[in-house]
Amino acid sequence: MANGNDHSTTKTTSTLDLIDNKDYLPVDTHIPDNYVSYTLKNQKALPPVTLENFWTELNWLHVAILGFTPIVGTVGAYFTRLRWETALWAVVYYYMTGLGITAGYHRLWAHRSYNASRPLQIALAFLGAGAVEGSIKWWARGHRAHHRYTDTDLDPYNAHKGLLWSHIGWMIVKPRRKPGVADVSDLSKNDIVRWQHRHYLKLVVIMGVVLPTVVAGLGWGDWQGGYVYAGLLRLLFVHHSTFCVNSLAHWLGEAPFDDKHTPRDHLITALVTIGEGYHNFHHQFPMDYRNAIRWYQYDPTKWFIWVCKKVGLASHLKTFPENEVRKGQLTMHLKRLREAQETLSWPSDNSHLPVVNWESYQAQAKTRPLICIAGFIHDVSDFLDEHPGGRHLLTKNVGRDATTAFFGGVYDHSNAAHNLLAMKRVGILHGGAPHGLEDKMIPPSQRLRVARYNEIGGSGYSSAAMSDGEGLLG
Ligand SMILES: [Zn+2]
Ligand SMILES: [Zn+2]
Numbered sequence: 001m002a003n004g005n006d007h008s009t010t011k012t013t014s015t016l017d018l019i020d021n022k023d024y025l026p027v028d029t030h031i032p033d034n035y036v037s038y039t040l041k042n043q044k045a046l047p048p049v050t051l052e053n054f055w056t057e058l059n060w061l062h063v064a065i066l067g068f069t070p071i072v073g074t075v076g077a078y079f080t081r082l083r084w085e086t087a088l089w090a091v092v093y094y095y096m097t098g099l100g101i102t103a104g105y106h107r108l109w110a111h112r113s114y115n116a117s118r119p120l121q122i123a124l125a126f127l128g129a130g131a132v133e134g135s136i137k138w139w140a141r142g143h144r145a146h147h148r149y150t151d152t153d154l155d156p157y158n159a160h161k162g163l164l165w166s167h168i169g170w171m172i173v174k175p176r177r178k179p180g181v182a183d184v185s186d187l188s189k190n191d192i193v194r195w196q197h198r199h200y201l202k203l204v205v206i207m208g209v210v211l212p213t214v215v216a217g218l219g220w221g222d223w224q225g226g227y228v229y230a231g232l233l234r235l236l237f238v239h240h241s242t243f244c245v246n247s248l249a250h251w252l253g254e255a256p257f258d259d260k261h262t263p264r265d266h267l268i269t270a271l272v273t274i275g276e277g278y279h280n281f282h283h284q285f286p287m288d289y290r291n292a293i294r295w296y297q298y299d300p301t302k303w304f305i306w307v308c309k310k311v312g313l314a315s316h317l318k319t320f321p322e323n324e325v326r327k328g329q330l331t332m333h334l335k336r337l338r339e340a341q342e343t344l345s346w347p348s349d350n351s352h353l354p355v356v357n358w359e360s361y362q363a364q365a366k367t368r369p370l371i372c373i374a375g376f377i378h379d380v381s382d383f384l385d386e387h388p389g390g391r392h393l394l395t396k397n398v399g400r401d402a403t404t405a406f407f408g409g410v411y412d413h414s415n416a417a418h419n420l421l422a423m424k425r426v427g428i429l430h431g432g433a434p435h436g437l438e439d440k441m442i443p444p445s446q447r448l449r450v451a452r453y454n455e456i457g458g459s460g461y462s463s464a465a466m467s468d469g470e471g472l473l474g
């Protein structure tokens, strides 16, 4: 509030006036409107990784970390007896450091989906360091780019480049290009995030290796087991568990909310990622503290945040309006229904049929079996012997108007009969469909059909635009 009198004296409001702290101007404040296409076209990218250039393109620090853990961990396990206390501790510490990433790095810092008290932030910053996946600031910056530029080359773990790339490839070789711009100025203001970034290497050693070893060593005398199982192998599992959010969660499962991009929902992914497997939902509603919206779906990270709220460590848990969530689901349902609808054959409509007068109908009905029902003329020649009520009920109506007989006068026909009849249309009787007959003319299968907005005559969109004189644009 250094410029406390701004509000009373400012006449016009520029973008900059809306930013509360000018010392931390977001890096994307002046981003051009065509940023993605412009950057992809003009920014130089490193050449694609091939078998020939593979060795020169490796990021050796990442290779060392991601290679050392499985090799020393498995060799160590071969020579180290696993005690049950250590096994239990390794699993507990897996969840603790995993939550440091999912509840801390991801949902708190990358997405601001809730507020955490200082003690909770400090705990998550420590535990997240124990997962050895970079500092909060580095991780959240890449992840925000991943959400903003999903499935493009500005997304550091672009899923279109294959499962191996999105899982680990993007880390073991030098990045092909800089991740797209994403603002982390809110994190630069956070002293815990800054502190963690500054002391990151020390924290990795303490939380990644020393603490799990010391707990098992001082606790039940298993120093070697603590190092191998709770330190290295636990770290191996935490790594590949969280890497699966970028790979498996963009590859396996359903898209119940939006199928424009690769994120998917699947229970298996949720099980291996401490609840981050409802990734289609997450990409649609990234600021929601939940990934799973149903109580029976596996999302321990959500449960952890909820418990933190109950004990006063977290607040302002954000959720997206249920109405909008369900709208996304309905959109996908309608899309599936539309696809099913397009695999079927439908009756000819008015615009594709010849209009004939009563005399012409009479004349033509002498040469083939034509029946008029609800204004449409139908050729029933291939149905005479199939008619469940017998051939005679059709032949006696040839050349006549059988609307009343068809709609309950003789027999109240089923939906299936109505649908089938519509497929036999060959013409429209001139003046034969008075108003009020729409209900009879449209077969049951088409009354609730899925139609694109531009297929509906006089859609709400055009009339709204026409009458906007006093509205938004007025
Ligand atoms: Zn994702
Ligand atoms: Zn995310």
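Under the UniProt record's numbering, the first residue of the sequence shown carries the number 1, and numbering increases by one thereafter.
A virtual CB, placed ideally from N, CA and C, is assigned to each residue, including glycine.
* Mind checking residue 96: buried by the 16 CB within 10 Å criterion, or exposed? -> Position 96 of the sequence shown, counted from the first residue, corresponds to residue 96. Around the beta-carbon of residue 96, 16 or more other beta-carbon atoms lie within 10 Å, marking it buried.
* **Cβ-Cβ distance between residue 69 and residue 236 below 7 Å** => Working through the sequence shown from its first residue, we reach residue 69 at position 69. Working through the sequence shown from its first residue, we reach residue 236 at position 236. A contact, by the Cβ cut-off of 7 Å.
* Kindly give me the distance between the Cβ atoms of residue 552 and residue 136, rounded to whole angstroms, as I take these residues to be in contact under 8 Å. => No information on residue 552 is available, as it lies outside the stretch 1 to 474 that the chain covers here.
* **One or two residues paired with residue 265 in a DSSP bridge** => For the purposes of this step, residue 265 is identified with residue 265 of the sequence shown, where counting begins at 1. Beta bridge pairing from DSSP links residue 265 with 254 and 278.
* Assign residue 270 to buried or exposed, taking buried as 16 or more other Cβ atoms, counted over all protein chains shown, within 10 Å of its Cβ. => The residue labelled residue 270 in the question sits at position 270 within the sequence shown. Under the 10 Å beta carbon count, residue 270 is surrounded by 16 or more other beta carbons and is classified as buried.
* Sorted by chain position, which residues of the same chain lie with C-beta nearer than 6 Å to residue 126's C-beta, five sequence neighbours on each side aside? -> Numbered from 1 along the sequence shown, position 126 holds the residue referred to as residue 126. If the five residues before and after residue 126 are omitted, its C-beta is found closer than 6 Å to the C-beta atoms of 207, all from its own chain and listed in chain order.
* **Nearest-angstrom beta carbon gap, residue 102 and residue 283 [assumed within contact, 8 Å]** => Against the sequence shown, residue 283 aligns to sequence position 283. Against the sequence shown, residue 102 aligns to sequence position 102. Contact between residue 283 and residue 102 does not hold, since their C-beta atoms are separated by about 15 Å, which reaches or exceeds 8 Å.
* What does a CB cutoff of less than 7 Å around residue 99 pick up in its chain, not counting 5 residues either side in sequence? -> Here residue 99 refers to the residue found at position 99 when the sequence shown is read from its first residue. Contacts found: 127, 274, 301 and 304.
* Asked: With which residues is residue 315 paired in a DSSP beta bridge?
  -> Taking the sequence shown and counting its residues from 1, one reaches residue 315 at position 315. Beta-bridge partners assigned by DSSP to residue 315: 115.
* To do: Specify, as a first and last residue, the run of the beta strand (DSSP E) that residue 379 falls within.
  => Walking along the sequence shown from the start, residue 379 turns up at place 379. From DSSP, the beta strand (DSSP E) with residue 379 extends over 376-379.
* To do: With distances taken Cα to Cα, identify the nearest neighbour of residue 223 among 267, 82, 176 and 181.
  => Working through the sequence shown from its first residue, we reach residue 223 at position 223. The option with the nearest alpha carbon to residue 223 is 82.
* Asked: Excluding five sequence neighbours on each side, which residues of the same chain lie with their C-beta closer than 8 Å to the C-beta of residue 180?
  -> Start at 1 with the first residue of the sequence shown, and residue 180 comes out as number 180. Only 35, 36, 39, 145, 148, 149, 152, 154 and 155 meet the Cβ criterion.
* To do: Would you identify the three-state DSSP class for residue 454, choosing helix, strand or coil?
  => Residue numbering aside, residue 454 sits at position 454 when the sequence shown is read from its first letter. The three-state secondary structure of residue 454, taken from DSSP, is helix.
* Would you check whether ligand 1 has a heavy atom nearer than 6 Å to the C-beta of residue 179? => Residue 179 sits at position 179 when you count from the first residue of the sequence shown. It does not: the Cβ of residue 179 is nowhere closer than 6 Å to a heavy atom of ligand 1.
* Any 3 or more C-beta pairs closer than 8 Å across the stretch 252-266 and the stretch 174-188 -> Contact between the stretch 252-266 and the stretch 174-188 is absent, because fewer than three Cβ pairs lie under 8 Å.
* Should residue 263 be listed as close to ligand 1, given that the test is whether its C-beta is under 6 Å from any heavy atom? -> As a working mapping, residue 263 is identified with position 263 in the sequence shown. Yes; taking the cut-off as 6 Å, the Cβ of residue 263 has a heavy atom of ligand 1 nearer than that.
* Report yes if the CB atom of residue 316 is closer than 7 Å to the CB atom of residue 114, and no otherwise. => Working through the sequence shown from its first residue, we reach residue 316 at position 316. Working through the sequence shown from its first residue, we reach residue 114 at position 114. Yes, these two residues count as a Cβ contact at 7 Å.
* Tell me the start and end of each unbroken alpha helix (DSSP H) in the stretch 24-79 that is at least 4 residues and wholly inside, in chain order. => The stretch 24-79 contains these whole alpha helix (DSSP H) runs: 35-42 and 60-79.
* In terms of residue numbering, what span does the alpha helix (DSSP H) encompassing residue 408 cover? -> Here residue 408 refers to the residue found at position 408 when the sequence shown is read from its first residue. Residue 408: not part of any alpha helix (DSSP H); DSSP gives it neither H nor E.
* To do: Pick out whichever of 376, 351 and 92 has its Cα sitting closest to the Cα of residue 357.
  => As a working note, residue 357 is residue 357 in the sequence shown. Considering only alpha carbons, the answer is 376.
* Endpoints, beta strand (DSSP E) assigned at residue 425 -> Looking up residue 425 in the sequence shown gives position 425. Taken as a continuous stretch (DSSP letters only), the beta strand (DSSP E) holding residue 425 covers 425-429.
* Asked: Going by Cα to Cα distance, which pick from 272, 67, 106 and 393 is closest to residue 142?
  -> Here residue 142 corresponds to residue number 142 of the sequence shown, with the count starting at 1. The option with the nearest alpha carbon to residue 142 is 106.
* Asked: Using the beta-carbon count (16 or more within 10 Å), is residue 241 buried or exposed?
  -> Position 241 of the sequence shown, counted from the start, is the residue given in the question as residue 241. That one is buried.
* What first and last residue would you give for the beta strand (DSSP E) that runs through residue 373? -> One-based indexing of the sequence shown puts residue 373 at position 373. In the DSSP annotation of this structure, the continuous segment of the beta strand (DSSP E) that includes residue 373 starts and ends at 370-373.
* Give the straight-line distance between the Cα atoms of residue 404 and residue 326, rounded to the nearest whole angstrom. => Walking along the sequence shown from the start, residue 404 turns up at place 404. Walking along the sequence shown from the start, residue 326 turns up at place 326. If you take the alpha carbons of residue 404 and residue 326, they lie about 43 Å apart.
* Asked: In terms of residues, what are the limits of the alpha helix (DSSP H) holding residue 360?
  -> Position 360 of the sequence shown holds residue 360. Run containing residue 360: 358-364, per the alpha helix (DSSP H) assignment.
* Which partner residues of residue 401 appear in the DSSP bridge assignment? -> Here residue 401 corresponds to residue number 401 of the sequence shown, with the count starting at 1. Paired residues: 372.
* Looking only at C-alpha atoms, which of 277, 88, 138 and 452 sits nearest to residue 188? -> Here residue 188 corresponds to residue number 188 of the sequence shown, with the count starting at 1. Taking only the C-alpha atoms, the option nearest residue 188 is 138.
* Asked: Alpha carbon to alpha carbon, what distance is there between residue 133 and residue 167?
  -> Start at 1 with the first residue of the sequence shown, and residue 167 comes out as number 167. Start at 1 with the first residue of the sequence shown, and residue 133 comes out as number 133. Approximately 13 Å, taken between the alpha carbons.
* Output yes or no for whether 7 Å exceeds the beta carbon distance between residue 72 and residue 201. => Taking the sequence shown and counting its residues from 1, the one referred to as residue 72 is at position 72. Taking the sequence shown and counting its residues from 1, the one referred to as residue 201 is at position 201. No, these two residues do not count as a Cβ contact at 7 Å.
* **Per-residue DSSP class, three states only, for residue 445** => Against the sequence shown, residue 445 aligns to sequence position 445. Assigned with DSSP and collapsed to three states, residue 445 falls in helix.
* **Residues near residue 209 in its chain [Cβ-Cβ closer than 6 Å; skip 5 each side]** => Working through the sequence shown from its first residue, we reach residue 209 at position 209. Correct list, in chain order: 231.
* Asked: Which one of 338, 413, 104 and 119 has the shortest CA to CA distance from residue 450?
  -> Reading the sequence shown from its first residue, position 450 is the one you call residue 450. Checking every option, the nearest Cα to that of residue 450 belongs to 338.
* Straight-line gap, residue 452 to residue 342 (C-alpha atoms, nearest Å) -> Within the sequence shown, the letter at position 452 stands for residue 452. Within the sequence shown, the letter at position 342 stands for residue 342. Residue 452 and residue 342: Cα-Cα distance of roughly 12 Å.
* Is the Cβ-Cβ distance between residue 109 and residue 140 less than 7 Å? -> As a working note, residue 109 is residue 109 in the sequence shown. As a working note, residue 140 is residue 140 in the sequence shown. Residue 109 is a Cβ neighbour of residue 140, given a cutoff of 7 Å.
* Please classify residue 193: does DSSP put it in a helix, a strand, or coil? => As a first step, residue 193 is located in the sequence shown; it is residue number 193 there, counting from the start. Helix.
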